[in-house]
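Note that numbering that gives the first Met the number 0 has the sequence shown beginning at 0, numbered continuously upward.
Built from N, CA and C at the ideal position, the CB exists for glycine as well.
Since this is a predicted model, take the numbers as computed values, not measurements.
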Amino acid sequence: MTLRRKLLLVALCTLVLPLVGLLYVRQMETLLRRGQAQALAASAHALARSLVVVGAALPKSSGWYVQRPVDAITVDGYGDDWGPMTPWAQPLGDRGRLMLAHDDAWLYLFASIRDTTRTRRDADAPDAMRADHVLLTLARGRLLCTYLIASAAPGGFSAPALNDCRDDGFPDHVNGQWQDDGSGYRIELRLPRSLGVNGLGLSVHDADAATADLTEPVRPLLSYSRSLSAELAQLAPDGVQARLLGPHAWLLATAGSLRTHEDPHRRPGWLAYTIYRLLIAAPFDAAQPWTQDAPRLDTPQVREALAGKEAISWTLGEQRGSVILSVTVPVRDAHGVLRGALQLDQASLAVPLLANRALFALLLASLGVLLAAGLVLFGFATRLSMRLGRLRDAAERAQARDGRHSGAFPSHDDTDELGDLARSFERLTQAVAGYTDYLRTLASKLSHELNTPLAIVKSSLDNLEHAGLPEHARPYLQRARDGVTRMGSLVRAMSEASRMERAIEAAEAETFDLREVVRGCAEGYRELAAPRRIELELPDAPVTLHGAPELIAQALDKLFGNAVSFTPEDGWIRLGLRVEGDEALLEMANQGPPLPASMQDRLFDSLVSVREDRGHEGATHLGLGLYVVRLIVERHQGRAEARNLDDGSGVAFTMRLRGMPRERLS
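Written out as structure tokens, the structure is:
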């Protein structure tokens, strides 16, 4: 990973700023919601106390709830007309359900009784009390009247009063409809509202049941009160929907609505609303839209309030971007007796708007800081990378492959760590360059200095030979002559290498066809290599190169001599030429032993050889042949490579040539 990428990765640590800011905005949103909830809860408690103070008609106990029918009710014993009210049917123990409804003229009753065994009698039968029947008790104030409801067959029935209620204003009989099915029977009847019935009780008798009769005592009739709603509307705060609930969460009065008064144009967009939902807002409670028009609010918050505790919930509104705060508090009378619950609902766009504005302002500021920090770090990283790159390039240029010092280092005068590094590199390369120059001139110096001692030793040996040595000393004299001869050949080889370096540097370039040079060399090698095979691979088109053809031929001679010395007599030598891009590739491959892995990168250095001390035909090899090849290739702006063949059958030496630089006319 580059330095710039690493610094950019470090710059990403500044992303913690938006994260911290997001946590701050979330905390702020929580505090806003908490403050709004506390304010609405205070209003709810004040409103609950006000209802008691003004003497609102609150229920004193639980009762039967009477709903307002959605459609007109026909008394026929079937529950089709009661369908919309069925979800709020009131249980009759485990024996059935009861529904009550009223309009301006009538009070309707529908009871569904579970009874799989039938023992049916009419109400006027002598044993009617031992058959399946229902006792209906009507109350008006303290006045009570009980009616026996029984029927021997489905259809209409007339329930007589079991006590004389005519003086109390109750009728002698109550008429209705009785219908049977496989699960039990249904009773439907209606009473005129003019009777003023305000309480009701039921007792269900199953003739075949082993358990006792189900008796529901007389309970008051509860219903939605317009007068109580008017009182609630006068006391409820603006912009709030208030709902007063009875002991069993039945709706007694409502006031206000959930409509927001904010400008709809200020409503958050879908993106801002999504961000608010996913990133800012605390979890919302599950919304129950049906509770808005339901006669009974059986929700966890209402149950908690009816247990005597304050309950707060947040739900999402139907309008995009709105939230609904619901506070439900218990309602107690002056003696502390629980009389019901009061729920205040408030819809608002303020909390999402404020939170979104704070978040977007924070994001803009954080992005600005992040962008500025990223640009600064990127600029710093770019400048640092450029300085390091220049220092790297200078280090590569400062030490050429032949060990010569070729340039100074940048940032030499800088006072920072890179300046110190550049000065250290420069001192190091200068020391290496001095030592390399010494090594480069060592061969020529040695060859020059050894000529005189060798001449003295040779002349001394000649004089010693004429001095009349005994026979046993002549082998030693011959060995000394052989050693002097070998030393002379070494000195001549080093002298030739020094002259070759100067000749390579002074060679003049021309434009020539490299293919013809390679072809001519290959033809000359065939007789020298016999009985070894020479394989030639040349391209069809001419290969034009600007360089010194005699140097190229000399490099090929060095590679050929190296190949012949390692190739067995029945082996092969392959010479190939091809073009890759702007380079001409000359490859000399031969069959023979592979190169040691540790020597492949050092073969073209001076005085390096993989031969034994005594090479081909007893000659001493100094490792200067491939070094000369490297000098010639570098003079042609290329590089020399050595590798083992993929099949392991031999080695290949490659010269990549670009050509000598063209001289410009002044």
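Listed as beta-bridge partners of residue 326 by DSSP are 311 and 343. Scanning 504, 571 and 22 for the CA closest to the CA of residue 635 turns up 504. In this structure, residue 347 lies away from residue 326, with their beta-carbon atoms at least 8 Å apart.
By the neighbour-count criterion, in which 16 or more other beta carbons inside 10 Å mark a residue as buried, residue 455 falls on the exposed side.
The beta carbon of residue 572 is closer than 8 Å to those of 524, 528, 531, 532, 533, 534, 559, 562, 563, 566, 587, 588, 589 and 590 in its chain, skipping five residues each way along the sequence. Here residue 6 is near residue 380, since their CB atoms are less than 8 Å apart. According to the DSSP secondary-structure assignment, residue 144 is paired through a beta bridge with 137.
Taking the Cα positions, residue 331 is about 28 Å away from residue 86. In summary, residue 304 is buried, with 16 or more beta-carbon neighbours lying within 10 Å of its beta-carbon over all protein chains present. Looking from the CA of residue 51, the closest CA among 329, 436 and 64 belongs to 329. In this structure, DSSP gives residue 58 a state outside helix and strand, which the three-state scheme calls coil. Scanning its chain for C-beta atoms nearer than 7 Å, with the 5 sequence neighbours on each side dropped, one finds around residue 120 the residues 126, 127, 130, 149 and 151, in chain order. Under a 10 Å Cβ-count criterion, residue 659 is classified as buried, with 16 or more other Cβ atoms of the shown protein chains found around its own Cβ. Pairing residue 97 with residue 106 gives a Cβ-Cβ distance that is not under 8 Å.
If you check the CB distance, residue 61 and residue 218 come in under 8 Å. Residue 187 sits buried, since 16 or more C-beta atoms from the chains shown fall within 10 Å of its C-beta.
Approximately 7 Å separates the beta-carbon atoms of residue 301 and residue 342; this is inside 8 Å, confirming the contact. DSSP places residue 180 in the strand class (E or B) of the three-state scheme. Bridge pairing for residue 240: 344 [DSSP]. In the DSSP assignment, residue 533 falls within the beta strand (DSSP E) that extends over 532-536.
Here residue 553 is buried. Its C-beta has 16 or more other C-beta atoms within 10 Å.
Inclusion of residue 143 and residue 136 in the CB contact set at 8 Å is warranted, their separation being smaller than that value. Cβ-Cβ separation between residue 257 and residue 251: approximately 19 Å, too far for a contact (criterion under 8 Å). For the pair residue 207 and residue 133, the Cα-to-Cα distance works out to about 14 Å. By the criterion of at least three beta-carbon pairs nearer than 8 Å, the region 33-52 is in contact with the region 229-237. If you compare the alpha carbons of 340, 364, 395 and 324 with that of residue 295, the shortest gap goes to 340. Segment contact: the region 66-81 against the region 177-187, three or more CB-CB distances shorter than 8 Å; contact assigned. DSSP lists 191 as the beta-bridge partner residues of residue 105. As computed with DSSP, residue 511 is found in a beta bridge with 544.
DSSP, reduced to helix, strand and coil, places residue 89 within a strand of the structure shown. Under a 10 Å Cβ-count criterion, residue 308 is classified as exposed, with fewer than 16 other Cβ atoms of the shown protein chains found around its own Cβ. Shortest Cα-Cα distance from residue 519 to any of 551, 499, 540 and 491 involves 551. The Cβ-Cβ distance between residue 55 and residue 215 does not fall below 8 Å. Around the CB of residue 46, 16 or more other CB atoms lie within 10 Å, so the residue is classed as buried. CA-CA distance, residue 482 to residue 460, rounds to 11 Å.
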